[in-house]
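S.K.:
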Amino acid sequence: MDLDGDGNLDLLSGSWPGELFFFARQPDLTFAAPEMLKDKDGEYILIGGGVKETPEELLITGHGEFETEGDTSVIVFHGKTYRPKPGQQVGITGTASAVHAVDWDADGDFDLLVGDISGNVYRIPNEGSATEWKFGRHVAVEAGGAALVVAGDAGPFCADWDGDGDFDLLVGDGSGKVTWYRNDGHAGAPKLAAGQELIGAGDAGWSGTVPTVPTPGVRAKVCAADWNGDGQLDLLVGDYAALKPPALPLTPEMVAHHAALRAERDQLQSEYGPLAYNQPPADETAAAKQKREARLAEIRTRLVAINGELPAESESHGWVWLHLRAPKAASGQ
1 MDLDGDGNLD LLSGSWPGEL FFFARQPDLT FAAPEMLKDK DGEYILIGGG
51 VKETPEELLI TGHGEFETEG DTSVIVFHGK TYRPKPGQQV GITGTASAVH
101 AVDWDADGDF DLLVGDISGN VYRIPNEGSA TEWKFGRHVA VEAGGAALVV
151 AGDAGPFCAD WDGDGDFDLL VGDGSGKVTW YRNDGHAGAP KLAAGQELIG
201 AGDAGWSGTV PTVPTPGVRA KVCAADWNGD GQLDLLVGDY AALKPPALPL
251 TPEMVAHHAA LRAERDQLQS EYGPLAYNQP PADETAAAKQ KREARLAEIR
301 TRLVAINGEL PAESESHGWV WLHLRAPKAA SGQ
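Taken in order, the sequence shown gives residues 1 to 333; the numbers are from our numbering.
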């Protein structure tokens, strides 16, 4: 994908905070430092992000960073410092954006498709040119006559899956599924049909049973390519999953010690929840608040120590799965 039209293939990436990053390919085949993409008005592209403030909370959705001013936490977000008002909690979250570039309207430049953590897919039209982008206002992508929404963490990718000469849309989602949306439109005016499932849901191992061998997981991100050179597109699917590590040899004394640590951890976690998340009494004194916050800090420190001493119960992994397309005679397409 040559986004800037200089003849070199570039890279695009979404991010957990939500902003989109452009990596320009250099003549020596290295990549320049990432550039956070802006729209035609000079604003950072951040669908669903920004600043949300209530009397109880100051929440930044996007690439914010905590800093300390005295005994107060503030957030620096896109060059501006946000300070909480008395009684406000501060937080940072993201939209888990995933981006793909495609010439959606067949005008010779790349538009953007962006998926988010809620499962939405948006199109950002490029109102500029093949060498100078000017990204406009995002609009929801439709399929089957309705807004396209999948099971969270949408990851869009365009490819001619049915081989009819125009691009279709493939979307990975938070459950691990990959869905194909056939393009029944024409050049410059895509029209997506209702989705057809290509790959079923995976399992991250969060249900209580962590697999002991690599197993398809969740948060699927998809790429279509002719992997084996047979003239048909295959699928590469990246995911997120847990794996149970090999059991360690433990003495009876170690087993008993670990059991005691787990019991202590359970007790601390049961204490931590109400202290951290229940609304403090309206008449809470400064001394009581200081005591509560000190206890929370003490619990956090002890939990970190306990978890560091216990053997890991699971490991997080990101697998890439290859799904080869069935031969044409067998698949019928």
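C-beta: ideal position from N, C-alpha, C; glycine also.
Note that this is a predicted model, so its numbers are computed, not measured.
Over what stretch of residues does the beta strand (DSSP E) that includes residue 155 continue unbroken?
M.R.: Residue 155 -> beta strand (DSSP E) spans 155-159.
S.K.: Can you tell me whether residue 171 is buried or exposed, with buried defined as 16 or more other CB within 10 angstroms of its CB?
M.R.: Under this definition residue 171 is a buried residue.
S.K.: Buried or exposed: residue 280, going by 16 or more other Cβ atoms within 10 Å of its Cβ?
M.R.: Residue 280 comes out exposed.
S.K.: For the alpha helix (DSSP H) that residue 277 lies in, which residues bound it at each end?
M.R.: Run containing residue 277: 252-277, per the alpha helix (DSSP H) assignment.
S.K.: Between the C-alpha atoms of residue 1 and residue 153, what's the straight-line distance to the nearest angstrom?
M.R.: Roughly 23 angstroms separates the two Cα atoms.
S.K.: Any idea if residue 61 is buried or exposed, counting beta-carbon neighbours within 10 angstroms, 16 or more meaning buried?
M.R.: Label assigned to residue 61: buried.
S.K.: Counting pairs of beta carbons, one from the stretch 146-161 and one from the stretch 67-80, are three or more of them closer than 8 angstroms?
M.R.: These segments do not touch.
S.K.: When DSSP labels each residue in this structure, what does residue 25 get in the three-state scheme?
M.R.: In the structure shown, residue 25 sits in a strand (DSSP, three-state: E or B).
S.K.: Roughly how many angstroms separate the alpha carbons of residue 253 and residue 261, rounded to a whole number?
M.R.: Taking the straight line joining both Cα atoms gives about 12 angstroms.
S.K.: Compare the Cα-Cα distances from residue 302 to each of 316, 58, 265, 323 and report the closest residue.
M.R.: Ranking the options by Cα distance to residue 302, first place goes to 265.
S.K.: Is DSSP giving residue 88 helix, strand or coil here?
M.R.: The answer is coil: DSSP assigns residue 88 none of H, G, I, E or B.
S.K.: Cα-Cα, which of 161, 108, 15 is closest to residue 115?
M.R.: That would be 15, whose Cα lies nearest to the Cα of residue 115.
S.K.: What runs of the beta strand (DSSP E), each 3 residues or longer, lie entirely inside the stretch 51-87?
M.R.: Runs found: 57-61, 64-69, 72-77, 80-82.
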